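Enquirer:
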Amino acid sequence: MVPSTAGVPLLVLLLTLKACSAPEVEKVTVHVDKGVTVTIQTKQNTNCKVCIKVWRRNCFDSKQFKDSTVLVEFECPTRQAIFTDFTVKIEQNIECSTKSCNGHIVQSDSSFSLLLAFNRTFTWTLNASPQTAFRIDFPKPGLRQIRPWEACEGGHSFTLQASRATGSATIGKYCREGSISSVQIQSNGRFSVEVPARQKLQNDQFNVSVGEEIQSFAKITLTFPEGTSSSELLSPNYPDSVPSSSVIEWDIQVPDKHGTSVQFLNVSQPRCLKNMAAVEYRSKERAALFRNLTDAQRNEEKGNVSVTLRNCEMDMTSSNSTLSFSLRVLTSVRTDVTMILVVVTAVLAILVIVALVACVVMKKQKKTRMKERQEAQKYQTSIYNPDLSTRVYSNWPEPGSDEEHVYVSIDETKIYSHLLDTQSTAQ
């Protein structure tokens, strides 16, 4: 039986539509080292799939790979969606005993160069012994905190999380170049680096070591340079609430002869069932001081200062019961009040001495003038000159007055009138 020629165009049309609707596929060979876990997953509400073929081809929304080399197929309706609708997570663990840790956070994607076209998140899960903490030291110039919806200029953003009995808490999101030099997290936590598609992971190493026996679930250390500096910090889980009954500490380190000012801004108050949310300040200069968040905070602390936030037991049934805030830290060269008093006292002493010297000099000059006048008066003589033929010079001053004497012009003919009378009688 010969097929009808009328059905040929329809068959061609169906084959064409099938070819046009075929999904786009990108094949990548993924090599996963021992101790590393790679998770490839699609975004929600997409038609993309991650597929592998062992005996037969299977596709998933999310697939995890460990200690293997596998050919992975990224399948999407369009080729563009392949590189926007997948995320790749690369995870590894670091274990810490009471004395040491078995590794550091080494940023390198040399084993995953074929995944460069995808958005990648590198995560290190760190586990410490009970009641102790692990410590991460960030290379200079440190990290700075940003809001969760903000992005870093270099593309790389870092996230710190603390695992607690009541659930994980996000300590913060960070960029490079800031004042945060280290962090300690009690028991368990995670450190992540997000890298955009088509951007290489910057090679770096963050040293991991055993921390202190801290009383808070996290202790963040800020190290400031000389001069005037500032840094903005955000409460854990920002803009959501700090976990109930939790404690977090900021350790602020400044150079010698520097002071620190701390300000809590945009504070949302929780509804407390037990205790009150409070801030504790500790420094070598002063004893520990407690303040409620509604109280005026310390304007300036001398030298290093530790700021500890203690949240209350919150009423979790109320949606408005949240504790969140931003924390502004300002550091500058300290203005020592004692030094100012010393300088002011010295200046006043100099002024008093100058005034005394001037007074003594003026008195000496005055005495000198008086002596000169007295010496001049010894040689002054009144001369009888009836015919006015002889010119007589006198050092008497003109009629008037000075500071101590009054001078008056005297008619000398009256003084010598008896002489004139005697002379007339004789004649």
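Quick note on numbering: the sequence shown equals residues -22 to -1, 1 to 405 in mature numbering (1 follows the signal peptide of the UniProt record, and there is no 0). We put the CB at the ideal spot given by N, CA and C, even for glycine. The model shown is predicted, which means the values in this text are computed figures rather than measured ones.
Inspect the beta-carbon positions of I230 and L200 and report whether they are closer than 9 Å.
Expert: Yes. Within cutoff.
Enquirer: Q162 lies in the beta strand (DSSP E); which residues open and close that run?
Expert: Looking at the DSSP string, the run of the beta strand (DSSP E) that includes Q162 is 158 to 164.
Enquirer: Could you tell me the distance, in whole angstroms, from the CA atom of K252 to the CA atom of Q241?
Expert: Roughly 25 Å between the two C-alpha positions.
Enquirer: Under the three-state reduction of DSSP, which class applies to S299: helix, strand or coil?
Expert: Three-state result, S299: coil.
Enquirer: On the criterion of 16 or more Cβ atoms from any shown chain inside 10 Å, does N244 qualify as buried, or is it exposed?
Expert: Burial call: exposed.
Enquirer: By the three-class DSSP mapping on this structure, what secondary structure does S146 have?
Expert: The answer is strand: DSSP assigns S146 an E or B state.
Enquirer: Within its chain, find whatever has a CB closer than 6 Å to the CB of D115; leave out the 5 residues flanking it on each side and keep chain order.
Expert: S160, N185.
Enquirer: For the region 174 to 229, which segments carrying the beta strand (DSSP E) assignment without a break, of at least 3 residues, lie completely within its bounds, in sequence order?
Expert: Fully enclosed beta strand (DSSP E) runs of 3 or longer: 182 to 188, 196 to 201, 207 to 212.
Enquirer: Helix, strand or coil: which one does DSSP assign to Q139?
Expert: Strand at Q139.
Enquirer: What are the boundary residues of the alpha helix (DSSP H) that includes residue 420?
Expert: A query on residue 420 cannot be resolved here, the shown segment of the chain reaching from -22 to 405 and no further.
Enquirer: I think C54 touches N36, with their Cβ atoms under 8 Å apart; what is that distance to the nearest whole Å?
Expert: 17 Å between Cβ atoms; not a contact.
Enquirer: Just confirm the distance between the C-beta atoms of R113 and G189, as a whole number of angstroms; I'd bet it's less than 8 Å.
Expert: Right, their Cβ atoms sit about 4 Å apart.
Enquirer: Among S222, G132, K197, which residue has its Cα nearest to the Cα of S165?
Expert: It is K197.
Enquirer: Just list the beta strand (DSSP E) runs in the region 93 to 121, keeping only unbroken ones of 3 residues or longer that don't cross its boundaries, in chain order.
Expert: Those beta strand (DSSP E) runs which fall completely within the region 93 to 121 and span 3+ residues are 97 to 105, 111 to 115.
Enquirer: Please report how far the alpha carbon of Y259 lies from the alpha carbon of I60, in whole angstroms.
Expert: Approximately 52 Å between the Cα atoms of the pair.
Enquirer: For my contact list, K77 and T101 are in at a C-beta cut-off of 8 Å; report their separation, rounded to the angstrom.
Expert: Going by Cβ atoms, the distance from K77 to T101 rounds to 25 Å, so no, they are not a contact pair.
Enquirer: Under 9 Å between the Cβ atoms of S44 and V50?
Expert: Reading off the sequence shown, one finds Lys at residue 44, where the question assumed Ser. Cβ distance not < 9 Å, so K44 and V50 don't count as in contact.
Enquirer: Can the beta-carbon of F38 be found less than 9 Å from the beta-carbon of V28?
Expert: Yes; because the gap between Cβ atoms is below 9 Å, this pair is in contact.
Enquirer: Tell me the DSSP secondary structure of S246 in three-state form.
Expert: In this structure, S246 counts as strand in the three-state DSSP scheme.
Enquirer: Using DSSP with H/G/I as helix, E/B as strand and the rest coil, what is T17?
Expert: Of the three classes helix, strand and coil, the one that applies to T17 here is strand, per DSSP.
Enquirer: Please say whether V3 and S46 have beta carbons closer to each other than 9 Å?
Expert: Contact flag unset, no.
Enquirer: Using alpha carbons as the reference points, say which of V16, Y216, L329, T110 lies closest to E128.
Expert: The option with the nearest alpha carbon to E128 is Y216.
Enquirer: Does the Cβ-Cβ distance between F195 and I226 come in under 9 Å?
Expert: A contact, by the Cβ cut-off of 9 Å.
Enquirer: Between S208, S223, V257, L179, which has its C-alpha nearest F136's C-alpha?
Expert: It is L179.
Enquirer: Within 10 angstroms of its Cβ, does E279 collect 16 or more other Cβ (buried), or is it exposed?
Expert: Counting Cβ neighbours within 10 Å, E279 comes out buried, since at least 16 surround it.
Enquirer: Here's the rule I'm using: 16 or more other beta-carbon atoms within 10 Å means buried, otherwise exposed. How should Q123 be labelled?
Expert: Its Cβ being crowded by 16 or more others within 10 Å, Q123 is buried.
Enquirer: Which residues share a DSSP beta bridge with L49?
Expert: According to DSSP, which records beta bridges pairwise, L49 is partnered with T7.
Enquirer: For V84, count neighbouring Cβ atoms within 10 angstroms of its own Cβ and tell me buried if that reaches 16, exposed if not.
Expert: The residue in question, V84, is exposed, as its Cβ has fewer than 16 Cβ neighbours within 10 Å.
Enquirer: With H, G and I counted as helix, E and B as strand and the rest as coil, what does DSSP make of T346?
Expert: Looking at T346 - three-state DSSP - the assignment turns out to be helix.
Enquirer: What does the Cβ neighbour count give for R98, buried or exposed, with the cut at 16 atoms within 10 Å?
Expert: So R98 ends up on the buried side.
Enquirer: So what does R288 bridge to, in DSSP terms?
Expert: DSSP, once it has assigned bridges, lists V225, A256 as partnering R288.
Enquirer: Which partner residues does C29 have in the DSSP bridge list?
Expert: C37, E51, per the DSSP bridge assignment.
Enquirer: Where does the unbroken beta strand (DSSP E) through T24 begin, and where does it stop?
Expert: Counting along the chain, T24 falls outside any beta strand (DSSP E), and DSSP gives it neither H nor E.
Enquirer: Considering only C-alpha positions, which residue in the set R264, T7, I30, E69 is nearest to S284?
Expert: Comparing Cα positions, the closest option is R264.
Enquirer: Which value, in whole angstroms, describes the spacing of the CA atoms of A106 and Q139?
Expert: Roughly 14 Å between the two C-alpha positions.
Enquirer: How many angstroms separate the CA atom of T300 from the CA atom of R288?
Expert: Each residue's alpha carbon lies about 14 Å from the other.
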